[in-house]
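Working notes, beginning with the structure itself.
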Amino acid sequence: MRYLAVTLAATLTLAPIGAGAQGTETLADIRQELSVLFVELKKLRRELSTTGGASQLSGGGSTLDRVNAIEGEVQRLTAKTEELEFRIDRVVSDGTNRVGDLEFRLCELEPDCDIANLEPGSTLGGVEPVTTGGGAVAAPDEGSGDGPQLAVGERDDFERARAALEAGDFAAAAEQFAAFRQAYPGSPLSGRAGLLRGEALDGAGRKSDAARAYLETFSAAPDGEDAPEALFRLGRSLGQLGQTDEACVTLGQVAARYPTAAAVEGAQAEMTRLGCS
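Just so we're aligned, residue 11 is where the sequence shown starts under our numbering, counting upward by one.
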């Protein structure tokens, strides 16, 4: 499983690459600078073209120097924009491929999993809303004014699935949480539903499926509020499946990615239990 460890480690270290690419100037900043420079360049060229005389160009050349300087800056920013776009596309593509590889290998661990019918994972980042923070699974906010806007029946469907989980009907809960995520892909409760689906699958003894559920939850929104807990549970599940090296790599990334998340304490305790170095 050395290859899986390398694959998982590379997958989990993708975010710092993207962060480094945006550490100095974002694409939006560069595009804004380009727009300003193009406008300024157009004004200066108009100033040159309307004089009609060669005397201005030879009288110190200050306007021409400004044009040349702006053209040089435009070229620099254009090159940097293309470089950043290339790096971002490469990170997203590589990350999606590595997540897919881990899904494939999790399927290999489960006797009943049909690799031929394994659905490919979503592009890293998915379509779910990005939020901040992290922590353990909590009950949805029942407030009427400040909570997120939900579709008609959305909260009822979530609560029905959670009630099945609390009643110990793990198979029904797993099925209902899966149906919820499919019916409400952009729901503010989608990440939490993914975690609880993994919990239900774990309760049913389907540990490989539980690990895959946590992986899907994490990869769909690696910056979401449920990502730290999903990553912790993925690492714990890998440890329960006997994949100690991969579990240690995954658990170690919880504190590295989300140092203030509540899941860090659980991840560190699990690493101690597994004897991670």
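Just so it is clear, CB atoms sit at the ideal spot from N, CA and C, and this is done for glycine as well. In this text, all values refer to a predicted model and were calculated from it rather than measured experimentally.
Take residue i and list the residues in its own chain whose beta-carbon comes closer than 8 angstroms to its own, dropping the five residues that flank it on each side.
{"i": "L244", "result": "A221, Y224, L225, F228, T260"}
{"i": "E152", "result": "Note that E152 has pLDDT 42, beneath the 50 cutoff, so the model's placement of it is unreliable and no number is given."}
One question on the structure: do residue i and residue j come within less than 8 angstroms of each other, judged by their Cβ atoms?
{"i": "L205", "j": "F168", "result": "no"}
{"i": "E275", "j": "G249", "result": "no"}
{"i": "R165", "j": "F187", "result": "no"}
{"i": "A265", "j": "Q278", "result": "yes"}
{"i": "L284", "j": "Q263", "result": "no"}
{"i": "A183", "j": "A174", "result": "yes"}
{"i": "A181", "j": "A214", "result": "yes"}
{"i": "R191", "j": "A203", "result": "yes"}
Among residues of its own chain, excluding the 5 on either side of residue i, which ones have a beta-carbon nearer than 7 angstroms to its beta-carbon?
{"i": "L251", "result": "L119, K217, S218, A221"}
{"i": "C258", "result": "M281, L284, C286"}
Please go through the same chain and pick out, in chain order, the residues whose beta-carbon is closer than 6 angstroms to the beta-carbon of residue i, but skip the five residues on each side of it.
{"i": "L160", "result": "none"}
{"i": "D212", "result": "A220"}
Determine, for residue i, whether the minimum Cβ-Cβ distance to residues of chain C falls below 8 angstroms.
{"i": "G201", "result": "Reference to chain C is not applicable here, since this structure consists of a single protein chain."}
Closer than 7 angstroms: is that where the CB of residue i sits relative to any heavy atom of the ligand SAH?
{"i": "L205", "result": "Of the ligands one can find in the structure shown there are none, so the ligand SAH has no counterpart to examine."}
_4-residue-minimum alpha helix (DSSP H) runs that sit fully inside the stretch 207-242, ordered along the chain_ = Listed in chain order, they are 217-230.
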